[in-house]
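Here is the structure we will look at.
2 protein chains.
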Amino acid sequence: MANIHDVARVAGVSISTVSYALSGKRPIGEKTRLRIDEAVRELDYMPNAAGRMLAGTRTRIFALTAPLRSDTYAPAHMAFVLAVVTAARAFDYDVLLLTEDEAVDGLRRVSSSRLVDGIIVLDVSVEDERADLVRSLGVPAALIGVPGDAAGLVCVDLDFEAAAALAVDRLVDAGHASVALLGHPSAVYERGSNFPVRFRDGFLARAAERGVAASFSMVEKDAPEIRQAVSAILDAHPAVTGLVVHAEEGVHTTILEAVAGRGLSIPADLSVIAGVPTFDTSSFTPPLDVIPLIPADSCVRAVELAVQQLEGPIEPRVELVAPKYRDHGSVAAPRPGG
Amino acid sequence: MANIHDVARVAGVSISTVSYALSGKRPIGEKTRLRIDEAVRELDYMPNAAGRMLAGTRTRIFALTAPLRSDTYAPAHMAFVLAVVTAARAFDYDVLLLTEDEAVDGLRRVSSSRLVDGIIVLDVSVEDERADLVRSLGVPAALIGVPGDAAGLVCVDLDFEAAAALAVDRLVDAGHASVALLGHPSAVYERGSNFPVRFRDGFLARAAERGVAASFSMVEKDAPEIRQAVSAILDAHPAVTGLVVHAEEGVHTTILEAVAGRGLSIPADLSVIAGVPTFDTSSFTPPLDVIPLIPADSCVRAVELAVQQLEGPIEPRVELVAPKYRDHGSVAAPRPGG
DNA sequence: CTGAAAGCGCTTACAG
DNA sequence: CTGAAAGCGCTTACAG
């Protein structure tokens, strides 16, 4: 395996010139550059990563701490991991994957040994020991999600309150005067991430602002309970003509079946918006308008912020990514009669 | 951040003694070791990864190439990634994650730059460009799964033929004389991985060996088609009393509903075994006997084989992991009447 | 049982 | 525009 000395010899220059030619950190004479390029090609030279890390100030590796617990929703989790890796590669960074069992020890190890230049934290929970650790490590880091105590941290997340508000606005703007939110099972609001709470609060707050009636129900995952919840809310609030669903994929389909089962058609009788899913709602029956949670949006920004910190500390912050609305035809004006 | 010279100075020894004390590669005097341990603790010393990589012969990093495509079954994929990372950590190896878009270029980059000591390949397809690449790279590598051309490669996979044969044996041993396999959609058998084919062939071959009637149907994913397939096979082969299912999670539940819908009870009327799922079948209604695909089994072995290759090339091979049977009560003797 | 020293392959001031 | 050289932080023969 050729090294920089081989390239320098073949090109008839010094190793520093080879180094500068490859890094572009100083101007190189036209013909010198050509001879070096030629030598690099001839020897199939690729700089040694360890030499680079040791001499330089960067390892060009980020640690990604992603639990990969089996109780996380795998498709979304996978999409986020993929988005982080893709975003990191755009900055020429590789990603070292640290999982649940080694969350804290692993982060400590790879940052103390200077194996990584920074840390990206995924699947952040309210009480996340990784948040405290990152704070104490003082290493470049960005969290995707917001822990209970975000002081001193750089966090990026979808603006869930704005997303819920956007859903309300769409319904109200279409003429609906009574809206309902079908949410996750109650356990989700009690522990784990705080975004369901933020979505719910954003929903209720905006509905109040807009002066429309609003109700909120938590829905368990079993089909009978889902049907029950749909009936309950439509029976208890007959005026409801706009529905926002913040739940898992399977729950959506069951809700849609239940709605159809009551003889209601979407959007003629009921307008429906899916809130912040990571899955596709355009192939549902009927396709649903959606305010998606887009992994790339948060991940790209988180990686950018981590990269910025390589130059030095930046202001701690919670950066909220603006929600986007995608129309699939499931929202319309309510029937004149109500 | 303390380095090895700091530790040596505080402990009053040379840096080589510190290095040997930490690596355990040569015996160190009792009190010398104590002084070094003390200094390490006092300075919170952790060896610099880049220095280690450059001076040593190992980076202690494996590349894991896992596509993370959105069309792969995420829960299983995540379980495999997790199992690889966990297995690698047991050998004190970290894992660098390379995804789809960079499969070939990324592997070339990290191996040419000596960033990694070896490669673990996940989600291997029949025509997998990564297989050819790994062959040409000549770097320690282990594939989890078997490509069309496995020549020169080290592969590990579940023994799918043996798994299917085990299912047949269980049914035949219980007294069943006519068995059926409900498999994946036809597209799965035509492209992608080859394990569905291996499972099917193992099923048919063992049934022939045991002298029992066997049929095989491919089942699409939509509920109506699933119900249709169940009816078709039970109508066409009324003697069938033993069923093996090799399909996705949702398909299983729909099949069970369809079976119940026909008034058949499991296992009294029909014995059912789930073939090589990565999901839990013990919470199905009823719980199903299962021959699971256990990510850890293949992943641990693949990592072991990669580690072995650090000492030098080993014999190329396709190592098949023996299947295991888990009884949940869904297999019984057929009714005396047939 | 321990140490002095070479060397791994780069980057980057320093010098011209 | 280019080069000689120091140095990053380790490991490991070599020597005693």
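Residue numbers (the numbering used here), protein chains in the order written: chain A, 1 to 338; chain B, 1001 to 1338.
From the three backbone atoms N, C-alpha and C, an ideal C-beta is built for every residue, glycine too.
- Around the CB of residue 314(A), fewer than 16 other CB atoms lie within 10 Å, so the residue is classed as exposed.
- Exclusion of the five residues before and after residue 182(A) leaves 217, 219, 245 as the residues of its chain whose Cβ lies within less than 6 Å of its Cβ.
- In the DSSP assignment, residue 215(A) forms a beta bridge with 180(A).
- According to the DSSP assignment, residue 1314(B) belongs to no beta strand (DSSP E), since it is labelled neither H nor E.
- In this structure, residue 157(A) lies near residue 145(A), with their beta-carbon atoms less than 8 Å apart.
- At a cut-off of 8 Å, the C-beta of residue 1102(B) has a neighbouring C-beta in chain A.
- DSSP, reduced to helix, strand and coil, places residue 1017(B) within a helical segment of the structure shown.
- What residue 1114(B) touches in chain A, judged by beta-carbon distance under 8 Å, is 1, 48, 49, 50, going in chain order.
- For residue 69(A), the three-state secondary structure derived from DSSP is coil.
- In the displayed model, residue 1033(B) falls within a helix according to three-state DSSP.
- Within chain A, 74, 78 have C-beta atoms less than 9 Å from the C-beta of residue 1077(B), given in sequence order.
- When the beta-carbon positions are compared, residue 97(A) and residue 1085(B) come within less than 8 Å of each other.
- Remark: C-beta atoms of residue 1166(B) and residue 1179(B) do not approach each other more closely than 8 Å.
- Setting aside the 5 residues that flank it on each side, residue 1275(B) is surrounded in the same chain by 1163, 1164, 1167, 1199, 1244, 1245, 1246, 1291, each with a C-beta closer than 7 Å to its C-beta; the list follows chain order.
- The Cβ atoms of residue 266(A) and residue 330(A) sit closer than 8 Å to each other.
- The Cβ-Cβ distance between residue 1072(B) and residue 82(A) does not fall below 8 Å.
- Across the structure, residue 51(A) and residue 1030(B) are spaced so that their CA atoms are roughly 35 Å apart.
- For the C-beta of residue 1085(B), the chain A residues within less than 7 Å are, from N- to C-terminus, 97, 99.
- Under the DSSP assignment, residue 1158(B) falls in the beta strand (DSSP E) whose first and last residues are 1154–1158.
- Cβ-Cβ distances below 6 Å link residue 1038(B) to nothing in the same chain once the five nearest sequence neighbours on each side are left out.
- For residue 1186(B), the uninterrupted alpha helix (DSSP H) segment begins and ends at 1186–1190.
- Around the beta carbon of residue 1127(B), a 10 Å sphere encloses fewer than 16 other beta carbons of the protein chains shown; the residue is thus reported as exposed.
- Within chain B, the residues whose beta carbon sits less than 7 Å from that of residue 89(A) are 1102, listed in sequence order.
- When 298(A), 324(A), 25(A) are compared, the shortest CA-CA separation from residue 120(A) is found for 298(A).
- Interface criterion not met: the Cβ of residue 1218(B) is under 8 Å from no Cβ in chain A.
- Taking C-beta separations shorter than 6 Å and ignoring five residues to either side along the sequence, the partners of residue 103(A) in its chain run 65, 130, following chain order.
- The Cβ neighbour count for residue 5(A), taken over all protein chains shown within 10 Å, is under 16; the residue is labelled exposed.
- Nearest to residue 1323(B) by C-alpha distance, out of 1249(B), 1293(B), 1303(B), is 1293(B).
- The C-beta distance from residue 241(A) to residue 176(A) rounds to 5 Å, short enough to meet the 8 Å contact threshold.
- CA-to-CA, the gap between residue 1254(B) and residue 227(A) works out to about 19 Å.
- By the neighbour-count criterion, in which a residue is buried when 16 or more other Cβ atoms sit within 10 angstroms of its Cβ, residue 1046(B) is buried.
- For the stretch 1223–1254 of chain B, the set of residues with a beta-carbon nearer than 7 Å to any beta-carbon of chain A is empty.
- Residue 1094(B) sits buried, since 16 or more C-beta atoms from the chains shown fall within 10 Å of its C-beta.
- In this structure, 231(A) is the residue among 239(A), 248(A), 332(A), 231(A) with its C-alpha nearest to the C-alpha of residue 263(A).
- Within the same chain, 1126, 1146, 1148 come within 8 Å of residue 1194(B) by CB-CB distance, once the 5 residues on both sides are set aside.
- Against chain A, the beta carbon of residue 1081(B) has neighbours under 7 Å at 68, listed in chain order.
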